[in-house]
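Take a look at the structure below.
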Amino acid sequence: MILASALLAATAAGAQTVDRQARAWAATCAACHGTGGQSQGGIPPIGRDAQLVYRALLEFKNNQRPAATVMHQHTKGYTDDELKRIAAYFATASNNK
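Numbering (the numbering used here), first residue to last: 395 to 491.
Right, here's the structure in full:
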């Protein structure tokens, strides 16, 4: 019982750390896409579906989308796992608005 409680507490603490790190990475997106991914003007908002956002980020990173934006440079600075966590953060942020 004590071991299970300790494991749950450690998992919860780890989840908070992951959340904070993803939020810090996502802060670089805010200048163009807004803090919750709901940009204004001509810049596309970041969608609510984490898988779609992740796929788009990978396409930018791998030069599979037109190079008309700075997204290619931004995405190359992150690992695939980090991009997945950023996509998950924006999906959560979008769903909470």
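Where is the CB? At the ideal position from N, CA and C, for every residue including glycine. Bear in mind that the values here come from a model prediction, so they are computed numbers and not experimental data.
- Rounded to whole angstroms, the gap between the alpha carbons of Q467 and K455 is 8 Å.
- Counting the other CB atoms within 10 Å of its CB gives L446 a total below 16, which places it among the exposed residues.
- In this structure, L452 sits near D474, with a CB-CB distance shorter than 8 Å.
- When the beta-carbon positions are compared, R479 and A416 come within less than 8 Å of each other.
- Collapsing the DSSP output to three states places I437 in coil.
- Just so you know, the alpha carbons of T486 and I440 end up roughly 11 Å apart.
- Note on A462: under 16 other CB atoms within 10 angstroms of its CB, so exposed under the neighbour-count rule.
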